[in-house]
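Residue numbering for the sequence shown follows the working numbering, beginning at 65 and increasing consecutively.
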Amino acid sequence: MDLRSVIEKFKDLGMIVLEEAETPIWRISPKLWAEDDALFFSNIKGYPFPIVGNLCNSREKLAASMGVPADELLREYVKRAGAPHAPVTVATGPVKDVIYTGDNVDMSIFPVLLQHERDGAPYISSAVDFARNDKGGHNVGIRRLMFLSKDEITFNATSPSDLKALIGKSREEKRPFEIAFAVGAHPLVYLGALTRVPVNDELSLIGGLFQRALNTVKCETVDILVPADAEMIIEGLVYPDELVNEGPYGEVLGFYGESKVNARMEITAVTHRKDMIFQTLTAGGDHIWNTDGAMLSGLRAELSVWNALKQAVAKPINVFSVPAAGGQLTVRASIDAQNEGDGKNALLAVLSCLSNVKCAIITDKDVNIFDGRQVDHEIATKVQPSEDVMIINNVRAISVDPSLSGRPAPLAGSKMGIDATASKKLPASTLEHSKPPFSDIYLNDGNPCQGGSELAGKELEDAIYEFVVSSENGACMFTQIWKNMFSSEYREILSAISRLYKAGKLSKDKAGRFVSKL
């Protein structure tokens with residue numbers, strides 16, 4: 065259940081590249097940005113701690129972390145998220161190997177990365193936050209931590225969230241807010257931290273993804289439980305009225321977000337494994353479809369959309385939150401549409417279940433929604449914009465959407481839905497996909513020849529004519545003639561048909577079939 069187990073698994077699967085040569089820290093961020101592979105840097109110049117990154121930046125890696133094939137990832141996630149396991153508390157764990165408190169806390173000894181060129185400071189991007197909620201359990205999420213000094217950080221809590229509300233309550237009560245962050249954990253811990261299912265203690269959602277209880281230990285200086293096998297824990301007090309500038313930062317959509325005003329946090333303790341592995345999550349950049357942030361956010365969105373579709377339509381088939389849209393703004397879903405209007409109902413469900421979803425596309429069950437080319441084809445051929453495109457104005461939007469730049473707060477934007485399901489009013493033949501003759505036989509390495517004599521001349525003419533006459537309704541397509549006379553040369557078949565047509569014995573009907581005239 066720890067980071068090390070998944071690194072070993074990725075080694076076995078050939079999903080991680082080991083960088084053993086000495087690496088200066090300035091090379092880490094551009095290397096992670098340029099590569100799709102998971103990377104493990106074992107020898108960082110000036111630091112005793114290795115760095116690992118890109119562990120969550122593809123469906124294949126997240127599926128491997130869960131132990132299932134990529135095409136089963138969403139359904140397995142849905143199943144496990146619906147079966148939480150309460151955590152258990154143990155006396156101690158590997159994360160307690162080394163303990164720093166008070167003046168001994170010094171964040172500069174850790175390889176905190178400058179991830180993007182214009183970031184306001186180095187950031188820890190892989191922090192899972194743990195805080196007590198109002199139900200006696202824990203609130204869990206993912207935060208970026210900006211370095212301020214050896215024992216001070218700040219993090220972004222400006223967007224609407226449970227954590228923002230909890231910090232706001234501590235401000236009203238004029239007390240510091242206790243919080244802890246885990247850095248370096250199994251990908252399912254990060255996925256569990258993002259999972260939105262109503263429970264009293266969100267630690268149980270992480271246990272649900274592992275299908276067993278999460279081992280937790282009590283923090284040294286705050287009353288919070290954290291994973292016992294994390295690589296590092298940062299504990300501290302947030303002072304809600306002591307505000308500092310946080311950012312800018314390369315946001316999940318690939319652009320820089322503006323600097324924000326957030327609360328200062330005083331670090332009261334840091335604990336870590338004696339041989340700690342420092343983990344980083346990638347976000348932003350000009351190929352965000354291969355970043356940890358987009359993939360984790362996307363799978364979280366797919367769970368919410370799936371659950372919403374189950375309520376809106378009887379048979380959702382698949383959901384895909386497009387990584388190139390930050391894993392949040394564009395969602396495709398396929399459904400088994402039973403009734404006229406199912407596509408529109410599905411759109412309303414998808415657009416309303418998450419504020420971050422900006423565009424939704426609904427297709428029929430036979431469409432591979434992971435293939436953008438197929439989806440583009442469905443939109444081009446099944447959508448009438450005046451009937452099948454839905455625009456909803458003045459709704460809450462994701463604050464880092466650059467298309468909203470310059471608008472006054474609070475930000476409100478619009479949403480678009482595209483119903484690309486086939487209308488039940490259309491005849492089935494209208495939407496039959498064209499394909500080459502003999503394609504089924506070709507794909508199965510078969511032979512279309514079923515025996516029979518090789519005919520030519522008048523014998524072939526007579527055989528073709530008799531075949532047409534004996535066909536249903538005295539009509540058949542050219543392919544049927546060809547298949548029935550396959551033992552004869554193709555050019556001989558064409559010549560025989562030509563002579564029959566010239567003699568007035570065959571003609572064509574509106575359906576493109578050959579029919580007998582005599």
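Ideal placement from N, C-alpha and C gives every residue a C-beta, glycine not left out.
**Study point:** Every unbroken beta strand (DSSP E) within the region 311 to 341, with a cutoff of 3 residues, ordered by chain
**Key:** Those beta strand (DSSP E) runs which fall completely within the region 311 to 341 and span 3+ residues are 324 to 336.
Exercise for review: May I ask which residues mark the beginning and end of the alpha helix (DSSP H) holding V253?
Suggested key: Residues 251 to 258.
**Study point:** For Y111, the three-state DSSP class (helix, strand or coil)
**Key:** The three-state reading of DSSP puts Y111 in coil, since its state is none of H, G, I, E or B.
Review point. Cα separation between A358 and T165?
Key: Roughly 35 Å separates the two Cα atoms.
Exercise for review: Take every Cβ of the region 230 to 245, pair it with every Cβ of the region 294 to 310, and state whether three or more of those distances are shorter than 8 Å.
Suggested key: Per the Cβ contact rule, the region 230 to 245 is in contact with the region 294 to 310 (3 or more Cβ pairs under 8 Å).
Exercise for review: Would you mind giving the Cβ-Cβ distance between F578 and I545, rounded to the nearest angstrom? I have them listed as a contact below 8 Å.
Suggested key: The pair is a contact, with the Cβ atoms about 7 Å apart (cut-off 8 Å).
Review point. To which residues of the same chain is V316 closer than 8 Å at the C-beta, ignoring the five residues directly before and after it?
Key: Non-local beta-carbon contacts of V316 in its own chain, meaning distances under 8 Å to residues more than five positions away in sequence, involve A347, G348, I352, T355, G357, A358, S361, G390, G391, Q392, V464 in chain order.
**Study point:** Cα-Cα separation, D350 to D215
**Key:** Approximately 33 Å between the Cα atoms of the pair.
Point to revise | Nearest-angstrom beta carbon gap, G184 and P312 [assumed within contact, 8 Å] | key: Confirmed, Cβ separation roughly 6 Å.
Review point. Is the beta carbon of K422 less than 9 Å from the beta carbon of M480?
Key: Yes, Cβ-Cβ distance for K422 and M480 is below 9 Å.
Review point. In whole angstroms, what is the alpha-carbon distance linking V431 and A127?
Key: In a straight line, the C-alpha of V431 is about 22 Å away from that of A127.
**Study point:** Contained alpha helix (DSSP H) runs [length at least 4] in the region 358 to 430, N- to C-terminal order
**Key:** Contiguous alpha helix (DSSP H) elements confined to the region 358 to 430 occur at 406 to 417, taking only those with 4 or more residues.
Point to revise | Whole-angstrom distance between E451 and T218, CA atom to CA atom | key: Looking at the two C-alpha atoms, the distance is approximately 48 Å.
Practice item. Would you mind reading off the limits of the beta strand (DSSP E) that contains V579? Key: That run of the beta strand (DSSP E) goes 578 to 580.
**Study point:** Distance, A444 Cα to A191 Cα
**Key:** Approximately 43 Å between the Cα atoms of the pair.
Review point. Between which two residues does the beta strand (DSSP E) containing L209 stretch?
Key: 202 to 213 is the extent of the beta strand (DSSP E) around L209.
Exercise for review: Pull up the CB-CB distance for V453 and I426, whole angstroms please, since I reckon it's below 8 Å.
Suggested key: Not a contact, Cβ separation roughly 11 Å.
Point to revise | Cα-Cα separation between M329 and T344, rounded to whole angstroms | key: So the alpha carbons of these two residues sit roughly 21 Å apart.
Practice item. Specify the secondary structure class of R196 as computed by DSSP and reduced to three states. Key: DSSP places R196 within a strand segment (E or B) once states are collapsed to three.
Review point. How about L119: is its Cβ closer than 8 Å to a heavy atom in the ligand MG?
Key: For the structure depicted, the ligand MG is absent and the ligand set is empty, with no information on it obtainable.
Practice item. May I have the straight-line CA-CA distance separating R208 from F104, to the nearest angstrom? Key: Their backbone Cα atoms lie some 21 Å apart in a straight line.
Check your understanding: Does DSSP put M171 in a helix, a strand or coil?
Key -> In the structure shown, M171 sits in a helix (DSSP, three-state: H, G or I).
Review point. Is there contact here, the region 331 to 344 with the region 107 to 126, by at least three beta-carbon pairs under 8 Å?
Key: With contact defined as three or more Cβ pairs closer than 8 Å, the region 331 to 344 and the region 107 to 126 are in contact.
Review point. To the nearest whole angstrom, what separates the beta carbons of A410 and A376, a pair I think is in contact under 8 Å?
Key: Approximately 6 Å separates the beta-carbon atoms of A410 and A376; this is inside 8 Å, confirming the contact.
Review point. Where does A246 land, buried or exposed, given buried means 16+ other C-beta within 10 angstroms?
Key: By the neighbour-count rule (16 or more Cβ atoms within 10 Å), A246 is buried.
Check your understanding: Hey, out of F434, W90, L373, whose CA is closest to A134's CA?
Key -> Minimum Cα distance to A134 is reached at F434.
Practice item. Determine the DSSP secondary structure at M79, reduced to helix, strand or coil. Key: Looking at M79 - three-state DSSP - the assignment turns out to be coil, as it is neither helix nor strand.
**Study point:** Spatial neighbours of T394 in its chain, beta-carbon cut-off 6 Å, leaving aside the 5 residues before and after
**Key:** Sequence-distant partners of T394 (beyond 5 residues in either direction) whose C-beta falls short of 6 Å from its own C-beta, in its chain, are V386, C423.
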